[in-house]
Every structure is written in C-alpha cells, then in structure tokens.
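Student:
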Amino acid sequence: MIFDIEGAEEKIGYKFKDKMLLRKCFTHSSYSNENRDAENNEVLEFFGDAILDFVVTEYLFSNCKGDEGALTKLRSSLVSKEPLERAIFGMGLDGYMLLGKGLVKNSGMHEKLYSSLFEAIVAGMYLDGGIAPVKKFILEKLVARDGKFKVGEEKKKAAPRSREKDGKSECQEYVQKNKLGEISYKTLEKSGPEHAPRYIAAFLLDGREIARGEGGSKKQAETDAAKSALLSLKRKKKAGKNQ
C-alpha cells in the first residue's frame, strides 16, 4: 500500500528526517502481521504515551492553578482517547493508517486506533527532532490559542463518506484546473470475508491507469487511488518544470 509521506508531513506540520520512522508511526500491528518487513507502531505508542503525559503535566504545572487532584483530573481529560482521536480527525490523518486486510474497520476499535496513532506520532517526532517540535505539536493540538483547553468541544466526527468525498474532490479539482482529462474509477478486485471486505480500485485518466488504491469499501479504495494519483500527477508536473 502506498503511503503518502509528503501528505502526512503536511498535515502534521513537521518534516521527518527519517521517513521510515514516519511510516512506522502509521503502521498498525494488523498490517505488520501481514507484511513481515514492516515494523508496527506499538512501541512508539508506549513511548509516546509517556512523552504526552510529561509535556501536558509540565504545561499544567507552569500555567494552571489547582491542587494535585484537580490537575490530575484536567490532565486525564486532555490525554484521554477522545481528544487524541479528535486531533487526528481534525488533522485529517485518519485515512493515512496502514491497516491489515483482516482488520474489521467498524468493530468499535476506532478510538483506540486513532488515539494510539497520536501517541506514536508524538514518539516519532521526539526521536526524529527532539522535545521542541513535540511540545509545539501537542500544545497546538490539545490546547487552544487563547489558553483554554479543547476539552468538551463537540466531537468532530469526520465520517468515512465525508473523507472519501473530500479526497476525490481534491483530485478532481486539480485535474479540471490543469485540464488533464476525464476521470473514471474501476474496481479491480474484491477479497476477504463479507464482514471485512477489501477492495482494490484503479484511478483512470482518459481510460489510462494512473494509480491504484485499497480500502474496506469501493469508495475508500477509490479515495486511496485518488490520493495516490494526485500525488503522482503533482510530482510529474513538478518534474516537468525542473527539466
């Protein structure tokens, strides 16, 4: 499965020196179980959890008044699954995870999946660039600019259907703007059980295949293909300018 390194870095707001470390942050154990050469993010998640606790604790100690009980409660509300998941969806990173074909996507494990991703990113950034970018990342995503915590906000649920539409729309706008041709999609393969199917779709431009994508539904596979195609088309355009 193609991993969009540049897209992930742009959404995180940090460029990794070690690109393989970035990919590892997004690699779920279900993917590494099916791809033995891939390292999963479980240890990064463990490390990131500790870093997250430290950064938030330091911030509360320096900026908030209250007894130990009150600060502990506030810290727990900041680093719990919901705000971490909300931050991932807010950055639009939920569609970047490398998941195994056997993973049941709608099995109620989404919160753990995406909160763990946030923790893995924190650890990856720390290992790649030290504590400074990590503090900036955590405080920007969990603390509002005016110093009020982003706790209790209405949860920003980016439903899969909305994300699919956004990804395909972005690619369509780029193609139309640059007059590159007519877009179409083709389902190439369906595999897996009925409760957890996997699709492979192709992105076509004037009938010519540009990229492929995978997903748990036809729309998700088409979105993945559109993202890969957009990246490919942009690189091709950039390469043409440099010639």
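Letter 81 of the sequence shown, counting from 1, is numbered 1533 in the numbering used here, and no numbers are missing. Cβ atoms here follow ideal geometry from the backbone N, Cα and C, with glycine treated the same way. Quick caveat: nothing in here was measured; it's all calculated off a predicted structure.
1. Hey, Leu1657 and Gly1633 are a contact pair by Cβ (cut 8 Å); roughly how many whole angstroms apart?
2. Around the Cβ of Glu1458, are there at least 16 other Cβ atoms within 10 angstroms (buried) or fewer (exposed)?
3. Three or more C-beta pairs under 8 Å: does that hold for the segment 1533 to 1542 against the segment 1457 to 1471?
4. Which stretch, first to last residue, makes up the beta strand (DSSP E) that contains Phe1655?
5. Mind reading off the beta-carbon distance from Lys1533 to Lys1564? Whole number of angstroms is fine, and I expect it under 8 Å.
6. Where Ala1648 and Ser1669 are concerned, what is the direct C-alpha to C-alpha distance, given to the nearest angstrom?
7. How would you label Ala1673, buried or exposed, when you count the other beta carbons within 10 angstroms and need 16 or more for buried?
8. Do you know whose CA, among Leu1591, Ser1680 and Gly1582, lies nearest Gln1624's CA?
9. Going by the DSSP bridge assignment, what does Arg1660 pair with across the sheet?
10. Closer than 7 Å by C-beta to Gly1604: which residues in its own chain qualify, once you throw out the five before and the five after it? Chain order, please.
11. Quickly, what does DSSP pair Lys1638 with across the bridge? List them, please.
12. Which residue's Cα is closest to the Cα of Leu1504: Arg1475, Asp1676 and Pro1585?
13. Please determine, among Asn1515, Asp1546, Phe1478 and Arg1650, the residue with the shortest C-alpha to C-alpha distance to Lys1553.
14. Can you give me the Cβ contacts of Leu1591 inside the same chain, cut-off strictly under 7 Å, excluding the 5 residues immediately before and after it?
15. Tell me which same chain residues have a C-beta within less than 8 Å of the C-beta of Gly1500, skipping the five on either side of it?
16. Starting from Asp1580 and walking both ways along the alpha helix (DSSP H), at which residues does that stretch end?
17. Could you give the DSSP three-state label for Ser1532: helix, strand or coil?
Tutor: This is what the structure holds:
1. As a working mapping, residue 1657 is identified with position 205 in the sequence shown. As a working mapping, residue 1633 is identified with position 181 in the sequence shown. Confirmed, Cβ separation roughly 5 Å.
2. Here residue 1458 refers to the residue found at position 6 when the sequence shown is read from its first residue. Its Cβ having fewer than 16 others within 10 Å, Glu1458 is exposed.
3. no
4. Numbered from 1 along the sequence shown, position 203 holds the residue referred to as residue 1655. Counting along the chain, the beta strand (DSSP E) containing Phe1655 begins and ends at Arg1650 to Leu1657.
5. Position 81 of the sequence shown holds residue 1533. Position 112 of the sequence shown holds residue 1564. Confirmed, about 7 Å.
6. As a position in the sequence shown, residue 1648 is number 196, starting the count at 1. As a position in the sequence shown, residue 1669 is number 217, starting the count at 1. Approximately 9 Å, taken between the alpha carbons.
7. As a working mapping, residue 1673 is identified with position 221 in the sequence shown. Ala1673 comes out buried.
8. As a working note, residue 1624 is residue 172 in the sequence shown. It is Ser1680.
9. Indexing the sequence shown from 1 puts residue 1660 at position 208. Answer by DSSP bridge pairing, in chain order: Leu1657.
10. Residue 1604 sits at position 152 when you count from the first residue of the sequence shown. For Gly1604, the pLDDT reaches just 41, beneath the cut-off of 50, and the residue's location in the model is therefore unreliable, although a value from the coordinates is still provided. Taken in chain order, the list of residues that qualify is empty.
11. Along the sequence shown, read from residue 1 onward, the residue named residue 1638 stands at position 186. Its beta-bridge partners are Ala1654.
12. For the purposes of this step, residue 1504 is taken as the residue at position 52 of the sequence shown. Checking every option, the nearest Cα to that of Leu1504 belongs to Pro1585.
13. Residue mapping note: residue 1553 aligns to position 101 of the sequence shown, counting from 1. The option with the nearest alpha carbon to Lys1553 is Arg1650.
14. Residue numbering aside, residue 1591 sits at position 139 when the sequence shown is read from its first letter. These residues qualify, in order along the chain: Tyr1511.
15. Locating residue 1500 in the sequence shown gives position 48, where the first residue counts as 1. Taken in chain order, the residues that qualify are Phe1570, Glu1571, Ala1572, Ile1573, Val1574, Ala1575, Gly1576 and Tyr1578.
16. By one-based count along the sequence shown, residue 1580 stands at place 128. It spans His1562 to Gly1581 - the alpha helix (DSSP H) in which Asp1580 sits, taken as one unbroken run.
17. What you label residue 1532 is simply residue 80 of the sequence shown in a count that begins at 1. Here Ser1532 sits in coil by DSSP.
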